[in-house]
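This report refers to the structure that appears directly beneath it.
In full-length UniProt numbering, the protein residues as written are 1 to 360.
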């Protein structure tokens, strides 16, 4: 009888519970045991955070957002943060994690996460831990899968916000700036902008020119359209400039935190436009809420496929979607780089053909 562990790492997103439920129901149906690891890899450092998961524990969680196991985007066992004299120091606790996995008697570990979590999983594989990966990120920036679960729900949230901002923008003749997530990949901004009828879309892959944006908004006013809706990814930045940071790395933060590009853009536009400009930051609203039908379905199927890979002994593989089929690819292929938007690609060309300004 197999005994498998499952953890959810990195930022939370809708659909995580669907994956957990899919793993548990599929594994229990085989007569296997499942151990849930709380708070990502951090859970291995605390015995009380490793608990059995059965059918009763996953009952009713399918429509719930977040993750019943909790998560952490700071839990890298190869660079684990501890506070010493008021400063963050990174230490390697991977041997402790590996020892705990052995003590638990796990046949395999299913790691549900994005680029960072799966890179950690790959390193743990090299230390002899049998791992299967499941791709999760609202940014949709993982290679080798057509889509990651969580992205669809985040996209719906952003598009709904744009729909609501349109009416108030038009009523008050304002420029409405919507800041969405997207550190390096602008998929949420681009797809929600197209679906939500945005006039300007700014993404990290295309550094923007404030003068071109000003000209586009003025041109709309001359055509009688006295308002504009701008959607900007948090990682977007001007030509010759840098990303806007909310908090730099160091101190209490292990990694830099982005945030504030909407306000920065508002100030820039305020200096070149005689229009009222307002900013809305969606922030973690994009990570929360009930998962969409698509994310519930794909999350459930990903969970089942992960168990099938464990059964086949196909370790070091990541579950993925190719067309309409669930298959798998090596984790190392999925994390070799990020899935970024091609500035000259089809979707960008189609957005510009629709009259949307992309900052260039």
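Cβ coordinates follow ideal geometry from the N, Cα and C atoms, glycine included.
Please read all numbers here as calculations on a predicted model, not as lab measurements.
Beta-carbon gap between residue 153 and residue 343 smaller than 7 angstroms: no
At least three beta-carbon pairs within less than 8 angstroms, the region 293 to 303 to the region 16 to 31: yes
Cut-off 8 angstroms between Cβ atoms - residues of its own chain near residue 329, not counting five sequence neighbours on either side: Only 144, 145, 317, 318, 320 meet the Cβ criterion.
Under 7 angstroms between C-beta atoms of residue 214 and residue 279: For the 7 angstroms CB-CB criterion, residue 214 and residue 279 do not form a contact.
From what residue to what residue does the beta strand (DSSP E) around residue 22 run? Not the beta strand (DSSP E): residue 22 falls in the alpha helix (DSSP H), residues 16 to 28.
Alpha-carbon spacing of residue 232 relative to residue 108, whole angstroms: Their backbone Cα atoms lie some 41 angstroms apart in a straight line.
In the DSSP assignment, what are the bridge partners of residue 317? 132, 330
Can the beta-carbon of residue 235 be found less than 7 angstroms from the beta-carbon of residue 151? In this structure, residue 235 sits away from residue 151, with a CB-CB distance that is not shorter than 7 angstroms.
Does any residue of chain D bring its CB to less than 7 angstroms from the CB of residue 318? In the structure shown, chain D does not exist; there is a single protein chain.
One question on the structure: do residue 99 and residue 78 come within less than 7 angstroms of each other, judged by their Cβ atoms? no
Using a Cβ distance threshold of 8 angstroms, determine whether the region 152 to 166 contacts the region 190 to 199, with at least three qualifying pairs required. In short, these stretches touch, since the Cβ pair count reaches three.
C-alpha gap between residue 226 and residue 7, whole angstroms: 50 angstroms
Roughly how many angstroms separate the alpha carbons of residue 32 and residue 1, rounded to a whole number? 6 angstroms
Determine the direct distance from the alpha carbon of residue 263 to that of residue 366, and round the result to whole angstroms. Nothing can be reported for residue 366, as the shown portion of the chain is limited to 1 through 360.
Can you tell me the Cα-Cα spacing of residue 208 and residue 59, whole angstroms? 47 angstroms
Going by DSSP in three states, residue 50 sits in which element: helix, strand or coil? strand
Indicate the three-state DSSP secondary structure (helix, strand or coil) for residue 33 in the structure shown. DSSP places residue 33 within a strand segment (E or B) once states are collapsed to three.
Sub-7 angstroms separation of residue 112 and residue 87 beta-carbons: No, the Cβ-Cβ distance between residue 112 and residue 87 is not below 7 angstroms.
How would you call residue 91, buried or exposed, if buried means at least 16 neighbouring beta carbons within 10 angstroms? exposed
Nearest-angstrom Cα distance between residue 315 and residue 123? 13 angstroms
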